[in-house]
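Chains as they are written, first to last, in the working numbering: chain A, 54 to 341; chain B, 184 to 340.
Below you'll find the structure, written out as structure tokens, and then a few comments.
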């Protein structure tokens, strides 16, 4: 099908974009890479009065190191992230996750800000944001505010961004050197959204684990941090028994819904299986 | 209505359309370049894949107005001096197509894959072309074609 009618704005500055969005009182949609919004328009599942297209706001595309974080302009393309030396060095988990995002011609258009603001619970970037305890910056009429990952995601496709706010920046803490990491996911076809995915990070000292991070995709309405599973590793180390215990705990911590792709029980099962796989691979990568 | 000025395969074009007009429809209906195919219209099948400022992108989930000022590449631009592009030649040689519906998208996607990864493994080729659905070939012929074309493109022919 074809999109319904809408008014179209293509501002070249962020201030113009915020002003344009504010004029519609929630009836406008922000168009970033368009790889999710355009299909919704084509199906007429979304019928916004207006689109505010950020693709000509050049100031929103950058990768910058600052204060121990890597900061991404919201319009930074996934393909840019895939090849970024800064990302390879400081955020190898994000680099790995990017290879799972859609397909090559999706990633040339898709953006980090769009993926996170769209908040598809099966998407990889929200899981990485949760695992790394990142934050985003939102710009509205009243100025900027910083939102932590834990506060951002509300439910399916819903964040706590106000209707007149634009997500402008994504901030991820640089991962420690020598850290172990892995993103494991299961989908019926490569490039599909995950049925379930697990992002893992471990900092090891011998068999001890000084920090573990686990976050889910596709195992509930929002990415879930598996804190109680992380604690098992931080207490008991990185041996096989601890990994098994953490994987079992993961199945208890998620509360997935059933849908056409998978039952709730199957998703719960996958959360355990993928936690074990992700941890095993992450520990293999970790130095120290 | 909006005015869209852009280059396709190096040739300047201008057209007027509604902001909601999809780029693929603009290319086919307004510019008359029907080599780019419309399949699923929601960014899954990849038949509509074109080069947008040098990178492969799906033209059914972009608006024509977004291409104002852009340089596009389509399958029509691959032949040079009456000769098939080496990748097209490889598709013909290795039975990389049957009905041909997905082929424009396959070619453009494979070109961007080989541009960024000049000597891909078979696994990487499969991952790259997984962006485009083919219902005829079973993909093996396409993988063979891309593999065969890689060294030819890398040597700069």
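From the three backbone atoms N, C-alpha and C, an ideal C-beta is built for every residue, glycine too.
Remember, predicted model here, so these are calculated numbers, not experimental data.
Where does residue i sit, in a helix, a strand or coil, going by DSSP?
i, result
"residue 224 (chain A)", "strand"
"residue 83 (chain A)", "strand"
"residue 315 (chain B)", "coil"
"residue 227 (chain B)", "coil"
"residue 190 (chain B)", "strand"
"residue 66 (chain A)", "coil"
"residue 219 (chain B)", "coil"
"residue 254 (chain A)", "strand"
"residue 71 (chain A)", "helix"
"residue 129 (chain A)", "coil"
"residue 290 (chain A)", "coil"
"residue 98 (chain A)", "coil"
"residue 260 (chain A)", "coil"
"residue 282 (chain B)", "coil"
"residue 122 (chain A)", "strand"
"residue 211 (chain A)", "strand"
State yes or no: is the C-beta of residue i nearer than 8 Å to some heavy atom of the ligand FMN?
i, result
"residue 256 (chain A)", "Summarising the ligand content, the structure contains no ligands, and the ligand FMN is consequently not present."
So the candidates are the options; which of them puts its Cα closest to the Cα of residue i?
i, options, result
"residue 89 (chain A)", "A:314, A:242, A:294, A:210", "A:210"
"residue 335 (chain A)", "A:286, A:319, A:167, A:309", "A:286"
"residue 302 (chain A)", "A:317, A:328, A:292, A:316", "A:328"
"residue 216 (chain A)", "A:63, A:75, A:198", "A:75"
"residue 91 (chain A)", "A:212, A:54, A:338", "A:54"
"residue 1 (chain A)", "A:317, A:294, A:292", "Lying outside 54 to 341, the shown extent of chain A, residue 1 (chain A) is not represented and no answer is given."
"residue 142 (chain A)", "A:117, A:153, A:266, A:198", "A:117"
"residue 197 (chain A)", "A:162, A:68, A:60, A:146", "A:68"
"residue 127 (chain A)", "A:106, A:292, A:256", "A:106"
"residue 272 (chain A)", "A:253, A:307, A:257", "A:307"
"residue 96 (chain A)", "B:216, B:217, B:212, B:244", "B:244"
"residue 257 (chain A)", "A:72, A:333, A:160", "A:333"
"residue 298 (chain B)", "B:270, B:192, B:286", "B:270"
"residue 225 (chain A)", "A:63, A:123, A:340", "A:123"
"residue 186 (chain B)", "B:278, B:197, B:260", "B:197"
"residue 115 (chain A)", "A:73, A:109, A:265, A:125", "A:125"
"residue 335 (chain B)", "B:246, B:304, B:312, B:268", "B:268"
"residue 212 (chain A)", "A:227, A:177, A:276", "A:276"
When burial is assigned at 16 or more other CB atoms within 10 Å of the CB, is residue i buried or exposed?
i, result
"residue 313 (chain A)", "exposed"
"residue 170 (chain A)", "buried"
"residue 156 (chain A)", "buried"
"residue 195 (chain A)", "exposed"
"residue 282 (chain B)", "exposed"
"residue 260 (chain A)", "exposed"
"residue 243 (chain A)", "exposed"
"residue 242 (chain B)", "buried"
"residue 221 (chain A)", "buried"
"residue 199 (chain B)", "exposed"
"residue 222 (chain B)", "buried"
"residue 294 (chain A)", "exposed"
"residue 112 (chain A)", "exposed"
"residue 264 (chain B)", "exposed"
"residue 195 (chain B)", "exposed"
"residue 288 (chain A)", "exposed"
"residue 275 (chain B)", "exposed"
"residue 59 (chain A)", "buried"
"residue 138 (chain A)", "exposed"
"residue 292 (chain B)", "buried"
"residue 199 (chain A)", "exposed"
"residue 208 (chain B)", "buried"
"residue 208 (chain A)", "exposed"
Three CB pairs or more closer than 8 Å across the segment 226 to 243 of chain B and the segment 251 to 258 of chain B: yes
- request: Count the C-beta pairs between the segment 224 to 231 of chain B and the segment 309 to 329 of chain A that are closer than 8 Å, then say yes if the count reaches three, no if not.
  value: no
- prompt: For the 8 Å Cβ check, are there 3 or more pairs between the segment 198 to 215 of chain A and the segment 174 to 187 of chain A?
  reply: yes
message: Short of 8 Å Cβ to Cβ, which residues in the segment 54 to 82 of chain A face chain B?
response: Residues passing the 8 Å Cβ filter: 54, 55, 56, 57, 58, 59, 60, 61, 63.
field: Validate contact between the segment 237 to 248 of chain A and the segment 131 to 145 of chain A using beta carbons, cut 8 Å, 3 pairs
entry: no
message: Taking beta-carbon pairs under 8 Å, can you tell me which members of the segment 156 to 173 of chain A lie near chain B?
response: Those residues of the segment 156 to 173 of chain A that come within reach of chain B (Cβ to Cβ, closer than 8 Å) are 156, 157, 158, 159, 161, 162.
query: Quick check: the segment 82 to 100 of chain A against the segment 164 to 179 of chain A, are there 3 or more CB pairs under 8 Å?
result: Between the segment 82 to 100 of chain A and the segment 164 to 179 of chain A, the count of C-beta pairs closer than 8 Å reaches three or more; the two stretches touch.
task: With 8 Å as the C-beta to C-beta threshold (strictly closer), list the residues of the segment 122 to 147 of chain A near chain B in chain order.
output: 132, 136
query: Touching or not, the segment 224 to 232 of chain A and the segment 243 to 252 of chain A, by the rule of three or more beta carbon pairs under 8 Å?
result: no
message: Counting beta carbon pairs with one atom in the segment 264 to 284 of chain A and one in the segment 194 to 207 of chain B, are three or more of them shorter than 8 Å?
response: Flag = no, the segment 194 to 207 of chain B and the segment 264 to 284 of chain A do not touch.
- request: Please name the residues in the segment 86 to 116 of chain A whose beta-carbon is closer than 7 Å to at least one beta-carbon of chain B, in chain order.
  value: 87, 88, 91, 92, 95, 96, 106, 108
message: For the segment 244 to 256 of chain B, list every residue whose C-beta sits within 7 Å of some C-beta in chain A, in sequence order.
response: 244, 245, 248, 249
message: Under 8 Å: do the segment 321 to 339 of chain B and the segment 293 to 308 of chain B share three or more Cβ pairs, one atom per stretch?
response: yes
- prompt: What are the residues of the segment 222 to 233 of chain B that lie near chain A, defined by any Cβ-Cβ distance shorter than 7 Å?
  reply: 224, 225, 226, 229, 232
query: In chain order, what residues of the segment 201 to 217 of chain B put their CB closer than 7 Å to some CB of chain A?
result: 202, 203, 205
message: If the cut-off is 8 Å on Cβ atoms, which residues from the segment 221 to 232 of chain A count as contacting chain B, listed in chain order?
response: none
Members of the segment 244 to 262 of chain A that neighbour chain B once the beta carbon cut-off is set at 9 Å: 244
- request: Below 7 Å between beta carbons is the criterion; list the residues of the segment 283 to 315 of chain B that meet it against any residue of chain A, in chain order.
  value: 292, 295, 296, 310, 311, 313, 314
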